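Chains as they are written, first to last, in the working numbering: chain A, 2 to 86; chain B, 442 to 576. C-beta atoms are modelled at their ideal positions from N, C-alpha and C, and glycine is treated no differently. Please read these numbers as outputs of a predicted model, since none were measured by experiment.
Here is the structure:
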């Protein structure tokens with residue numbers, strides 16, 4: 002598991018208080034909302050705030066969120082993309 | 442001065458903000474609520490010992506949070522979606538001039554998170570983090 006991906010999973014677990022869950026239990030390709038982790042719109046806001054605080058990356062609108070929250074892999078790619086340069 | 446009833450859709454007996462002192466939409470609001478013996482809720486809470494129910498302190502913060510929105514809320518559907526880390530440290534009593542201070546922590550997809558404090562003469566009565574959803 003890449004270092005960034007691990008940190009993303011740790012942030013998700015900590016921010017959403019998914020107690021008892023480990024990073025290894027979160028699948029890279031599973032959707033964060035709906036069928037995957039089953040997150041809701043309150044969780045979405047918590048994640049937006051967490052990503053900003055931990056990684057310094059802003060998710061500006063719903064379109065960006067739709068792309069970033071597809072899966073842990075998508076979120077990791079999104080953060081990597083926006084922290085380069 | 443901000444016209445409270447023009448901004449909030451709430452009415453008697455549930456309009457719980459009397460005055461807006463400071464307002465920076467999207468960032469911060471300071472408002473006031475004056476508590477009196479004649480509050481309808483205090484008639485039953487409690488007849489021998491009137492004090493503002495804690496949940497109404499949360500409602501005051503949510504209503505004060507309505508002033509974070511730049512536009513009036515008439516016709517808008519706004520709901521309390523979550524309450525986190527609420528603490529009630531002292532009761533609000535008749536005669537109290539309550540200071541309602543709210544700070545926006547962030548917003549995404551119609552959901553807003555705000556941190557609020559109810560205080561009276563410099564004493565904290567209640568602190569809470571609220572999630573408010575606009576549909």
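Item, Value
"Cutoff 8 Å: residue 50 of chain A Cβ touching any chain B Cβ", "yes"
"Per-residue contacts from residue 546 of chain B into chain A (C-beta, under 7 Å)", "50"
"DSSP bridge partner residues for residue 524 of chain B (one or two, in chain order)", "B:571"
"Closer than 8 Å to chain A by CB, residue 522 of chain B", "yes"
"Residue burial classification, residue 533 of chain B (beta-carbon count within 10 angstroms, cutoff 16)", "buried"
"Beta-bridge pairing of residue 542 of chain B - partner residues as DSSP gives them", "B:471 and B:558"
"Interface partners of residue 530 of chain B on chain A, CB under 8 Å", "The premise fails here: residue 530 of chain B is roughly 24 Å from chain A at the closest Cβ pair, so nothing lies under 8 Å."
"Inter-stretch contact (C-beta, 8 Å, three-pair minimum) for the segment 506–526 of chain B and the segment 557–570 of chain B", "yes"
"Closer than 8 Å to chain A by CB, residue 550 of chain B", "yes"
"Minimum Cβ-Cβ distance from residue 45 of chain A to chain B less than 8 Å", "yes"
"Run of the beta strand (DSSP E) containing residue 462 of chain B, from where it starts to where it stops", "460–465"
"Contact under 8 Å by Cβ, residue 58 of chain A with residue 84 of chain A", "yes"
"Interface flag, residue 509 of chain B vs chain A, CB-CB below 8 Å", "no"
"Residue 520 of chain B versus residue 499 of chain B: straight-line alpha-carbon distance, rounded", "13 Å"
"Delimiting residues of the alpha helix (DSSP H) encompassing residue 479 of chain B", "First-last for residue 479 of chain B: undefined, no H or E at that position."
"Short CB-CB distance (under 8 Å) between residue 571 of chain B and chain A", "no"
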